[in-house]
Every structure is written in structure tokens, then in C-alpha cells.
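For reference, the structure discussed in these notes is given below.
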Amino acid sequence: MTYLDKDLKPIILKGGFVYSHARTDGIRGQYLTTHSYVSNWRGSHDTDEGHLRYFLQNLAAHRFNACFEVARTTTKFSQQFFECLGKQCLKFIEIEMAEQSFEICKNVGMVYSIQSIKHETEKNILVGHVASILFKHDLAQESFLRSSKPELALEMRMDLQDWFAALKLSKQIAPEKEQFICRKLASQVENQGNTTEAQKLYERALINPEKNNDDKLDIEEHNT
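Here's what the structure looks like:
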């Protein structure tokens, strides 16, 4: 929280700096507490504590270019800064800077994940993929369901082996996959010791060959 003198009346807030009118000496200004170190950073000549304060204040203010600069300048915190910056940039869909940050801190897995989605043009699909990368799967599902490819939500749940959620989604997105998911869920439930529920799910998983045009050998293999 930033405290102002009683005789000051705030006029403008710009870049974390508050311009106020004072009865005695006209216009005065001061930085908000959240921006107190923004103008005091001394670049490569600053201390480790100074680098940390500058990074955190700029990160909170979403000044990612400044964060990138201090991450390149510091030696002690460089790895941690770039890792943190990459995740924050992803969160706000700053894809290019996120990729650069993860490349510098050698997080190969995140770089590959970003490269696989960075050319996506539909916002909801892109947000869904980013949320999935950040392990926010509920948000990812919501975004995929709002997109032109709601089946991505089902694919994500199946990849996670979240068969309960997948079964619920399959009813509205891909009913043809319901038997397959029922079988997977039945096996999962059976391993947890709930044989009664597992039996019901196995029965739901059975495919009637007369009502299905798929290869009979595939159907028989599924039903056994």
C-alpha cells in the first residue's frame, strides 16, 4: 500500500508514478510501493537483492521486456528468472518471449510444447493449449469447448487418462467413443476394488456387431 501526505491530491498515475497537487508547492510526485525500485535499478552494477526486487516489481506490472533485461544481466538468478518469466509470458499469451525465455534457461520440453502450438490462429484453441501446458486442465477444457474443435477437450482428458471426465464429454462430443472409454474406466475402477461399478461399465462398453459397421474382428477383440 502506498501512503500519500494528507495535503496531496492525486491527479495522474503513469507508469507507477503518482502525480499529486500540493497546496504549498504545486505538483509533486512519487512512485507507488509496487514500483519503488523501478527507477533505482543500476543494471549490471546492482546487487543480487536489487536484481531480485527489480525483476519481481516488473513481473507484477507485466513489464516483460524489463524482466528479460534483468534476467540477462544477473548471474545468480538468471536461470530462475527466465523460467519464471517464461511461465508468466505463457499465462498472458506472450508466446514469442516465452519461447525465448525457455530456450535461454534450456527448458527443452517447454520449448517443444510452445513450438507445437505457436502457429495456432484461433484464440480459444491457443488458450486451451497454453492452459494444458501450465497444468490448468479445467481452464483448457473450457477453452477447447468454446472453440471450433471441442473434440480437443476430449482428447486432452483421454491423454490424461481422466476417464470419468472423458466419458462425460464423449456423450456430447463423440458418442462413438463411449464404449472404448467405458472399457478404460471399467478397468480403472476395477483396479480400485469397485467390482460392482466395474461390471456395469464393462456391460456398457460392449458393442453390438449388428448395429456397428466396424470390422467384426475389431469388435470381437474389444468385447473380450
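Residue numbers for the sequence shown, in this note's numbering: 8 to 231. Note that the Cβ used here is the ideal one computed from N, Cα and C, for glycine as well.
Query	Result
Is the beta carbon of V137 less than 7 Å from the beta carbon of L97?	yes
Is R164 buried or exposed, if buried means 16 or more other CB atoms sit within 10 Å of its CB?	buried
Between the alpha carbons of D145 and R49, how many angstroms are there, rounded?	42 Å
CA-CA distance, F62 and Q122?	26 Å
Can you give the Cα-Cα distance for D222 and R211, rounded to whole angstroms?	Caution is warranted here: a pLDDT of 48 is assigned to D222, below 50, making its placement in the model unreliable, and the coordinate value is therefore given only provisionally. Roughly 19 Å between the two C-alpha positions.
Candidates S51, L208 and V115: which alpha carbon is nearest S85's?	S51
Evaluate contact between the segment 64 to 81 and the segment 114 to 128, counting only Cβ atoms and requiring at least three cross-stretch pairs below 8 Å.	no
Can you tell me the Cβ-Cβ gap for L159 and G135, rounded? I've got them flagged as a contact below 8 Å.	6 Å
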